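Engineer: Top line first, the protein sequences correspond to chains G and S.
Its first residue numbered 1, the first sequence is counted upward by one per residue in full-length UniProt numbering.
Its first residue numbered 1, the second sequence is counted upward by one per residue in full-length UniProt numbering.
Virtual Cβ for every residue (Gly too), placed ideally from N, Cα, C.
Note that the coordinates shown come from a computational prediction; the quantities given were computed from them, not determined experimentally.
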Amino acid sequence: MRLKVSHRTEYSYDEPIRYGLQRLRLWPASGPAQTMLTWALHIEGAREEVRFLDQFGNDTRLLSIDGEPHTISVVAEGEVETNDTAGVSGPHRGFAPLWLFEHQTPLTAPGTAIRELAASVGNGRDLDRLHGLMALIQQRIAYVTGTTDSRTTAEEALVKGTGVCQDHSHAFAASARLLGFPARYVSGYLMMNDTVEQVASHAWAEAYVSDLGWVGFDAANGMSPDERYVRVAVGRDYREAMPIAGILIGQAQERLAVHITVEQ
Amino acid sequence: MVAFDEMLPAEAGLRRPYEAYDGWLKNQDPARLTEKMRDAERVFRKTGITFAVYGEQEASERLIPFDIVPRIISGNEWRRLTQGIEQRVQALNAFLDDIYHRQEILRAGRVPRELIAANEAFLPEMIGVRPPAGVYTHIIGVDIVRIAENEFYVLEDNARTPSGVSYMLENRETMLQLFPELFQRIKVHPVENYPQLLRQSLAAVRPNGVSGAPTIAVLTPGSFNSAYFEHAFLADQMGVQLVEGQDLRVADGHVAMRTTEGYKRIDVLYRRVDDAYLDPLTFRPDSSLGVPGIMDVYRAGNITIANAPGTGIADDKAIYSYMPEIIEFYTGRKPILGNIPTWRCSEPDSLKYVQEHLGELVVKEVHGSGGYGMLVGPAASKKEREEFSKKLAARPSNYIAQPTLSLSTCPILTEKGLAPRHVDLRPFVLVSDRIRIVPGGLTRVALKEGSLVVNSSQGGGTKDTWVLDD
Chain G
1 MRLKVSHRTE YSYDEPIRYG LQRLRLWPAS GPAQTMLTWA LHIEGAREEV
51 RFLDQFGNDT RLLSIDGEPH TISVVAEGEV ETNDTAGVSG PHRGFAPLWL
101 FEHQTPLTAP GTAIRELAAS VGNGRDLDRL HGLMALIQQR IAYVTGTTDS
151 RTTAEEALVK GTGVCQDHSH AFAASARLLG FPARYVSGYL MMNDTVEQVA
201 SHAWAEAYVS DLGWVGFDAA NGMSPDERYV RVAVGRDYRE AMPIAGILIG
251 QAQERLAVHI TVEQ
Chain S
1 MVAFDEMLPA EAGLRRPYEA YDGWLKNQDP ARLTEKMRDA ERVFRKTGIT
51 FAVYGEQEAS ERLIPFDIVP RIISGNEWRR LTQGIEQRVQ ALNAFLDDIY
101 HRQEILRAGR VPRELIAANE AFLPEMIGVR PPAGVYTHII GVDIVRIAEN
151 EFYVLEDNAR TPSGVSYMLE NRETMLQLFP ELFQRIKVHP VENYPQLLRQ
201 SLAAVRPNGV SGAPTIAVLT PGSFNSAYFE HAFLADQMGV QLVEGQDLRV
251 ADGHVAMRTT EGYKRIDVLY RRVDDAYLDP LTFRPDSSLG VPGIMDVYRA
301 GNITIANAPG TGIADDKAIY SYMPEIIEFY TGRKPILGNI PTWRCSEPDS
351 LKYVQEHLGE LVVKEVHGSG GYGMLVGPAA SKKEREEFSK KLAARPSNYI
401 AQPTLSLSTC PILTEKGLAP RHVDLRPFVL VSDRIRIVPG GLTRVALKEG
451 SLVVNSSQGG GTKDTWVLDD
């Protein structure tokens with residue numbers, strides 16, 4: 001499937017910004033489930049300082065404020081050819097060892113609720129257990145926006161019983177790790193059926209299954225990724241795979257607007 | 001147990017390296033020497049060399065006591081030491097390169113994976129980074145102890161941000177001022193060129209693509225840091241800028257410092273700020289001591305950070321116990337300098353042994369330094385041992401234990417004349433395209449009779465360290 005993605009992020013400030021940095025992980029790479037056809041970044045109010053591959057192989061770029069702008073906008077857009085691999089994204093690559101993904105991070109650190117959830121996953125084949133886990137998380141965390149934020153932990157979201165894809169992914173990664181699977185967080189895009197406008201960028205989780213490699217689980221939607229998904233960055237949690245992370249010197253008030261379209 | 005005295009061992013009589021010094025000393029008027037001791041203190045007060053001691057009620061700035069009797073090492077002894085040190089720092093850098101790439105040593109099962117995986121000093125952000133010349137730890141202070149004529153051991157490898165080199169330099173400077181005639185009589189290798197060697201060494205690991213003389217700077221956490229004097233001193237001696245995080249920012253793809261003529265690019269940063277505080281965009285977001293985005297510039301290859309972030313994984317006290325394996329794995333040879341036998345309290349059998357022999361052992365925190373949080377069994381009261389035993393039982397993997405070694409002694413000058421005190425030695429090693437070791441180092445001395453704790457934070461002093469040109 002050929003997907004056309006446009007992801008616009010705009011930060012507005014109530015006073016001019018003199019110094020700040022934005023770190024972008026917005027440059028998808030080709031892989032088993034996708035081939036990049038075109039991709040571009042359009043940046044206003046900031047300029048690229050450096051680009052590099054981070055410890056997980058994500059194409060990462062550091063921007064600094066250019067001039068003294070009131071707004072900074074970042075548009076990532078392009079076309080991707082995707083194919084359905086039944087969620088399998090292939091063998092582990094890179095220097096980051098698999099065991100690194102067995103470790104919890106502050107955002108996935110399990111409490112009683114996550115531990116109980118993981119313990120309630122039945123025995124059986126690896127894939128069946130992980131699908132069971134995904135179904136449990138979908139049941140237990142209702143998709144409700146505005147109830148959690150970027151600092152909400154897996155445990156907190158599960159206790160609350162509501163959250164967004166980020167929380168589902170954290171809960172899945174936290175539980176999968178407890179069950180002994182290396183797990184990671186994937187940020188990207190999803191073309192929801194019947195709509196071009198997407199409410200947000202998407203996220204899902206992957207678990208490492210012997211013989212298969214990394215397999216994706218989108219607990220927010222209760223399915224493994226198919227050809228409607230575009231993967232952009234990976235990490236052990238949201239913080240390591242975040243599309244945009246920034247630091248700002250000064251007291252300016254920030255307003256954020258995100259506009260995403262994914263279409264065929 | 002009688003300690004080995006480096007000047008006058010119990011049976012053998014005056015040792016050779018001290019003969020010339022002893023000859024001079026015999027002709028000195030004791031009253032004049034006492035006066036020289038006071039002169040030395042005045043010199044130190046004047047240069048402003050102080051040391052902040054943590055954990056005391058008043059945040060006190062103290063002079064580290066200086067003893068005017070030099071610690072003397074023969075040229076032959078020094079050659080053997082340097083071979084062992086070179087082997088060790090080569091292994092440390094090879095280990096770091098491996099740990100942040102293929103991790104062959106873990107695959108081979110020579111070092112347990114959990115030791116790395118559960119270790120805060122391991123920085124995932126360093127995975128895949130290969131700094132210029134493959135050097136991760138550029139400046140190392142290897143702590144060495146001696147227990148007999150031919151028995152030297154490495155006590156710890158300070159591979160992150162070793163301090164103390166300014167004392168080495170000041171001690172020599174002071175001795176030259178107090179006793180110029182001594183240095184006429186006895187040929188001692190100079191240490192004064194350390195700042196130049198440091199500068200050359202840092203310049204040699206400039207980022208690839210920097211042509212001409214690179215711009216070097218020293219990053220300090222600021223004047224509240226206990227080693228601020230040293231940071232300022234080294235910057236001054238090297239003739240480079242001393243900077244704080246707030247002076248730096250990312251500009252034109254580099255880290256740049258504010259100057260009167262605008263921002264100027266830095267190629268090599270000798271940082272004395274700990275990893276966690278180095279980059280608030282990457283590590284602790286609340287740090288105001290570091291430079292946001294410096295890790296991005298680093299990964300892009302546009303700056304050299306010395307020492308590299310994440311080098312702490314090589315000098316962790318739990319890793320220390322594997323150094324003999326690590327040296328053999330990367331150099332293919334047995335260690336020239338031995339390790340002190342170490343019990344890892346994470347292992348149940350070792351824990352049991354340590355608990356049963358607390359009175360004989362030194363127990364240290366795995367991640368600690370500076371002599372804080374350690375138990376010296378033989379010197380501790382029963383109550384102290386009992387309390388420590390509880391801490392040990394609660395978090396065994398936080399501790400290692402070593403036998404209480406009878407460190408060698410050197411004489412210090414007391415009011416009653418010369419008296420032996422225990423010493424250790426921290427030579428400073430510079431690694432770039434080659435390894436440079438300044439002949440000498442910092443000799444730390446426990447000033448209290450019988451004490452084995454040489455740390456300056458615990459009442460230790462220092463001595464000038466001579467390597468003879470013989």
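Could you compute how far the alpha carbon of Gly124(G) sits from the alpha carbon of Ala219(G)?
Structural biologist: Counted from its first residue, the first sequence places residue 124(G) at position 124. Counted from its first residue, the first sequence places residue 219(G) at position 219. Each residue's alpha carbon lies about 19 Å from the other.
Engineer: Report back the beta-carbon spacing between Ala446(S) and His422(S) to the nearest angstrom; my notes put them in contact at under 8 Å.
Structural biologist: Position 446 of the second sequence, counting from 1, holds the residue named residue 446(S). Position 422 of the second sequence, counting from 1, holds the residue named residue 422(S). Right, the Cβ-Cβ distance comes to about 5 Å (below 8 Å), so this counts as a contact.
Engineer: Nearest CA to the CA of Ile116(S): which residue from Phe95(S), Val129(S), Ala133(S) and Arg130(S)?
Structural biologist: As a position in the second sequence, residue 116(S) is number 116, starting the count at 1. Taking each of Phe95(S), Val129(S), Ala133(S) and Arg130(S) in turn and checking the Cα distance to Ile116(S), the smallest one comes out for Phe95(S).
Engineer: Pull out every residue of the stretch 43-54 of chain G whose Cβ sits closer than 9 Å to any Cβ of chain S, in chain order.
Structural biologist: Glu48, Glu49, Val50, Arg51, Phe52, Leu53 and Asp54
Engineer: Count the other C-beta atoms from every protein chain shown that fall within 10 angstroms of the C-beta of Gln57(S), then say buried if there are 16 or more, exposed otherwise.
Structural biologist: Along the second sequence, read from residue 1 onward, the residue named residue 57(S) stands at position 57. With a pLDDT of 42 at Gln57(S), under the threshold of 50, the predicted position of this residue should be treated as unreliable, though the coordinate-derived value follows. That one is exposed.
Engineer: Indicate the three-state DSSP secondary structure (helix, strand or coil) for Ile319(S) in the structure shown.
Structural biologist: For the purposes of this step, residue 319(S) is taken as residue 319 along the second sequence, with counting starting at 1. Helix, per DSSP.
Engineer: Quick one: residues in its chain with C-beta nearer than 6 Å to the C-beta of Met175(S), no 5 flanking neighbours on either side, listed in chain order?
Structural biologist: Position 175 of the second sequence, counting from 1, holds the residue named residue 175(S). The residues are Asp464.
Engineer: Answer with yes or no whether the minimum CB distance from Pro182(G) to chain S is below 8 Å.
Structural biologist: By 1-based counting over the first sequence, the position of residue 182(G) is 182. With 8 Å as the cut-off, Pro182(G) does not count as an interface residue toward chain S.
Engineer: Do you know whose CA, among Leu21(G), Ser73(G), Leu212(G) and Val209(G), lies nearest Arg255(G)'s CA?
Structural biologist: Start at 1 with the first residue of the first sequence, and residue 255(G) comes out as number 255. Nearest C-alpha to Arg255(G): Ser73(G).
Engineer: Since I believe Tyr270(S) is in contact with Leu202(S) (beta carbons under 8 Å), could you give me their beta-carbon distance rounded to a whole number of angstroms?
Structural biologist: The residue labelled residue 202(S) in the question sits at position 202 within the second sequence. The residue labelled residue 270(S) in the question sits at position 270 within the second sequence. Sure, about 6 Å apart at Cβ, within 8 Å.
Engineer: Could you tell me the boundaries of the beta strand (DSSP E) in which Asp157(S) lies?
Structural biologist: On the second sequence, position 157 is the one that residue 157(S) refers to. Per DSSP, Asp157(S) belongs to the beta strand (DSSP E) from Glu151 to Asn158.
Engineer: Distance cutoff 8 Å, beta carbons only. Does Trp99(G) sit that close to anything in chain S?
Structural biologist: For the purposes of this step, residue 99(G) is taken as residue 99 along the first sequence, with counting starting at 1. Closer than 8 Å: yes.
Engineer: Between Tyr54(S) and Gly301(S), what straight-line distance do the alpha-carbon atoms span, to the nearest angstrom?
Structural biologist: On the second sequence, residue 54(S) is found 54 positions in, with the first residue counted as 1. On the second sequence, residue 301(S) is found 301 positions in, with the first residue counted as 1. With a pLDDT of 47 at Tyr54(S), under the threshold of 50, the predicted position of this residue should be treated as unreliable, though the coordinate-derived value follows. If you draw a straight line from the Cα of Tyr54(S) to the Cα of Gly301(S), it is about 36 Å long.
Engineer: Distance, Cα to Cα, Val43(S) vs Tyr11(G)?
Structural biologist: To locate residue 43(S), count along the second sequence from 1; it is residue 43. To locate residue 11(G), count along the first sequence from 1; it is residue 11. Rounded to whole angstroms, Val43(S) to Tyr11(G) spans 58 Å at the Cα level.
Engineer: Taking just the CA atoms, how far does Leu442(S) sit from Thr108(G)?
Structural biologist: Counting from 1 along the first sequence, the entry for residue 108(G) is found at position 108. Counting from 1 along the second sequence, the entry for residue 442(S) is found at position 442. Answer to the nearest angstrom: the Cα atoms are 45 Å apart.
Engineer: Output the distance between the C-alpha atoms of Ala108(S) and Glu325(S), rounded to the nearest integer angstrom.
Structural biologist: If you number the second sequence from 1, residue 108(S) lands on position 108. If you number the second sequence from 1, residue 325(S) lands on position 325. Taking the straight line from one Cα to the other gives about 11 Å.
Engineer: Helix, strand or coil for Asp126(G)? Go by DSSP, reduced to three states.
Structural biologist: Residue numbering aside, residue 126(G) sits at position 126 when the first sequence is read from its first letter. Three-state DSSP puts Asp126(G) in a helix.
Engineer: Would you say Leu281(S) lies against chain G (beta-carbon separation less than 8 Å)?
Structural biologist: Here residue 281(S) refers to the residue found at position 281 when the second sequence is read from its first residue. Judged by the 8 Å Cβ criterion, Leu281(S) is in contact with chain G.
Engineer: What is the rounded straight-line gap between the Cα of Pro106(G) and the Cα of Thr153(G)?
Structural biologist: Residue mapping note: residue 106(G) aligns to position 106 of the first sequence, counting from 1. Residue mapping note: residue 153(G) aligns to position 153 of the first sequence, counting from 1. Between Pro106(G) and Thr153(G), the alpha-carbon positions lie close to 7 Å from each other.
Engineer: Using DSSP with H/G/I as helix, E/B as strand and the rest coil, what is Ser456(S)?
Structural biologist: To locate residue 456(S), count along the second sequence from 1; it is residue 456. Helix, per DSSP.
Engineer: Please give the ranges of any beta strand (DSSP E) in the stretch 347-386 of chain S, keeping only runs that are unbroken, at least 3 residues long and fully inside the region.
Structural biologist: 361-365
Engineer: Is there a C-beta anywhere in chain G that falls below 8 Å from the one on Glu449(S)?
Structural biologist: Indexing the second sequence from 1 puts residue 449(S) at position 449. No, no contact with chain G.
Engineer: Could you name the residues that DSSP lists as bridge partners for Asn143(S)?
Structural biologist: The sequence position of residue 143(S) within the second sequence is 143, counting from 1. Residue identity check: residue 143(S) is Asp in the sequence provided, not Asn. In the DSSP output, where bridge partners are listed per residue, Asp143(S) has Glu156(S).
Engineer: Helix, strand or coil: how does DSSP classify Asp424(S) here?
Structural biologist: As a position in the second sequence, residue 424(S) is number 424, starting the count at 1. Note: Asp424(S) maps to strand in three-state DSSP.
Engineer: Identify, in the order they occur along the chain, each residue of the same chain with its Cβ nearer than 7 Å to the Cβ of Leu63(G), setting aside the five sequence neighbours on each side.
Structural biologist: What you label residue 63(G) is simply residue 63 of the first sequence in a count that begins at 1. Closer than 7 Å at Cβ, skipping near neighbours: Leu21, Gln22, Leu24, Ile43, Ala46, Arg47, Glu48 and Glu49.
Engineer: Output, in chain order, the set of chain G residues within a Cβ distance shorter than 7 Å of Glu19(S).
Structural biologist: Along the second sequence, read from residue 1 onward, the residue named residue 19(S) stands at position 19. The premise fails here: Glu19(S) is roughly 55 Å from chain G at the closest Cβ pair, so nothing lies under 7 Å.
Engineer: With distance defined between alpha-carbon atoms, name the residue in Ala118(G), Leu127(G) and Arg228(G) nearest to Gly213(G).
Structural biologist: The residue you call residue 213(G) lines up with position 213 of the first sequence. Of the candidates Ala118(G), Leu127(G) and Arg228(G), Leu127(G) places its Cα closest to the Cα of Gly213(G).
Engineer: Helix, strand or coil for Tyr136(S) per DSSP?
Structural biologist: Here the question's residue 136(S) lines up with position 136 in the second sequence. Correct three-state label for Tyr136(S): coil.
Engineer: When you compare the CB of Ala117(S) with every CB in chain G, is at least one pair closer than 8 Å?
Structural biologist: Here residue 117(S) refers to the residue found at position 117 of the second sequence. Closer than 8 Å: yes.
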